[in-house]
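**Student:** Handing you a structure now.
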Amino acid sequence: MSSSERAAALPQWTRATSTWRDALLVTWAVARRDRFALAGLVIYGVLLVVALAAPVVAPYNPQDLNYRPDGEVAANEVPSLPHWLGTTNLGRDIFSQVLFGARAALVVGFVAAFGVVVLGTLVGLFAGYYSGWVDMLLMRLADVAFGIPFLPMAIVLVAFLGPSIWNTVLVMVLLLWRDTGRVIRAQVLSLRTRSYVEAARVLGASHLRTMFVHIAPNVLPLSFLYGSLAVGWAILTEATISFLGFGDPNVISWGFMLQDAYNSQAMARHAFYWFVPPGLCIMLAVMAGFFIGRGYEELLFPRLRRR
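Add 793 to the 1-based position in the sequence shown for the working numbering, that's all there is to it.
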């Protein structure tokens, strides 16, 4: 598919994305032409660079105590040249914690989003393609998942499984696939009756080949849309769980920083340099996911496309 053909076919993406390569190219084309989606990708790109460069850029180990020249613990230091964002009540460098917090946020966000997309897309593909009792069983599971209050259940499961970012990821995948599965299933119900799918069956393609070669590329943009939304939800959920004290105490995250600042009464002491930076980082990371979702909303609501 040439670039001109992709541009012409973009509004009719379900017919344009006949291969996985074309699906990725159309997805990127949508991101490039929408300023919201591009801004979200730029924010995630910057956060990714910060996360990867944290061990090199961070001036201190985020878990180490720092000391003044007189040997006293450098606790509750205000922003200065040695400590750009000051220190915590235990003498830990806040700037270094912010940098390392990006690693935990992106790991949880991207891994959880990938799991949500994979599980939700598989459920939607099998439910929409096979229909019948398979569809009924999977959609009833989705109904059960929709009936579970997300955050309270996530807190209960993380508390039961133990404080770990991987348990947090697992809980979010098990609870957030429902939206992706529902939407992908509705799209597959339409795609399974298309002429190219019928032709594949006539030519002897197996059910799995028909699903993953001829149908799955056409639902990839929708999967990417819900994956971008899941990144924001995952980062926000991890921050919430850590702030409430159920996060991994051995992992520095932005939610952990907010909990530490709250327990140390940083707001009462007007130590804005402690809790404002991680709060802004959480806000930007969540906004980036919803910016990307805003850019791709035309995939769900074609009437909103700009002429």
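Think of the CB as a built atom: it goes at the ideal place given N, C-alpha and C, for glycine as much as any other residue.
Would you call the CB atoms of Y1066 and V871 closer than 9 angstroms?
**Tutor:** Yes, Cβ-Cβ distance for Y1066 and V871 is below 9 angstroms.
**Student:** Taking three-plus beta-carbon pairs below 8 angstroms as touching, is the region 993-1007 in contact with the region 1045-1060?
**Tutor:** With a cut-off of 8 angstroms, the region 1045-1060 and the region 993-1007 do not count as touching, because too few Cβ pairs lie within range.
**Student:** Mark S1016 as exposed unless 16 or more other C-beta atoms lie within 10 angstroms of its C-beta, in which case mark it buried.
**Tutor:** S1016 should be labelled buried.
**Student:** From P855, G864, V900, pick the residue whose C-alpha is nearest to that of L878; which is it?
**Tutor:** Selected option, being the one with the closest Cα: P855.
**Student:** Can the beta-carbon of P945 be found closer than 9 angstroms to that of D1041?
**Tutor:** No, these two residues do not count as a Cβ contact at 9 angstroms.
**Student:** Ordered along the chain, which non-local residues of its own chain (more than five positions away) have a Cβ less than 6 angstroms from that of R978?
**Tutor:** Within the same chain, R978 has close Cβ partners G917, A920, G921.
**Student:** Report the partner residues of D863 according to the DSSP bridge assignment.
**Tutor:** D863 is not bridged to any residue.
**Student:** Could you pull out every residue in the same chain whose Cβ sits closer than 8 angstroms to the Cβ of V891, ignoring the five residues on either side in sequence?
**Tutor:** If we look at V891 and ignore the five residues flanking it on each side, its Cβ neighbours are L878, W1047, M1050, P1070, P1071, C1074.
**Student:** Sort out for me which residues DSSP pairs T880 with in a bridge.
**Tutor:** Beta-bridge pairing links T880 to D886.
**Student:** Can you give the Cα-Cα distance for S1035 and A992, rounded to whole angstroms?
**Tutor:** Using only the alpha carbons, I get a separation of about 52 angstroms.
**Student:** F1065 lies in the alpha helix (DSSP H); which residues open and close that run?
**Tutor:** Residues 1065-1088.
**Student:** Just checking, does the region 999-1015 make contact with the region 892-905 on the three C-beta pairs under 8 angstroms criterion?
**Tutor:** Touching, no, given that fewer than three Cβ pairs across the two stretches are closer than 8 angstroms.
**Student:** Taking its Cβ as the centre, do 16 or more other Cβ atoms sit within 10 Å of H1007, making it buried, or is it exposed?
**Tutor:** Label assigned to H1007: buried.
**Student:** For the candidate residues V951, A851, E1031, whose alpha-carbon lies nearest to that of R887?
**Tutor:** The residue asked about is misnamed: residue 887 is Ile in this sequence, not Arg. The residue with the shortest Cα to Cα distance from I887 is A851.
**Student:** Which value, in whole angstroms, describes the spacing of the CA atoms of L954 and N960?
**Tutor:** Distance between the alpha carbons of L954 and N960: 7 angstroms.
**Student:** Taking its Cβ as the centre, do 16 or more other Cβ atoms sit within 10 Å of H876, making it buried, or is it exposed?
**Tutor:** Buried.
**Student:** Could you compute how far the alpha carbon of L950 sits from the alpha carbon of L967?
**Tutor:** Those two C-alpha atoms are separated by around 10 angstroms.
**Student:** First and last residue of the alpha helix (DSSP H) that includes F953?
**Tutor:** Its alpha helix (DSSP H) spans residues 943-954.
**Student:** Please tell me whether V909 and A1027 are closer than 9 angstroms, where the distance is taken between their beta carbons.
**Tutor:** Cβ atoms of V909 and A1027: closer than 9 angstroms.
**Student:** Taking the alpha carbon of L915 as the reference point, which residue from V900, A1009, G940 has its own alpha carbon closest?
**Tutor:** Residue A1009 is the option with its Cα nearest to L915.
**Student:** Got a sec? Which residues, its chain only, sit under 6 angstroms from G913 by beta carbon, not counting five neighbours each side?
**Tutor:** Cβ within range, chain order: W970, T973, G974.
**Student:** To the nearest angstrom, report how far apart S983 and D928 are at their CA atoms.
**Tutor:** Rounded to whole angstroms, S983 to D928 spans 14 angstroms at the Cα level.
**Student:** Taking S1021 and I1085 to be in contact with their CB atoms under 8 angstroms, please state how far apart those CB atoms are, rounded to whole angstroms.
**Tutor:** Indeed they touch by this definition, with Cβ atoms about 4 angstroms apart.
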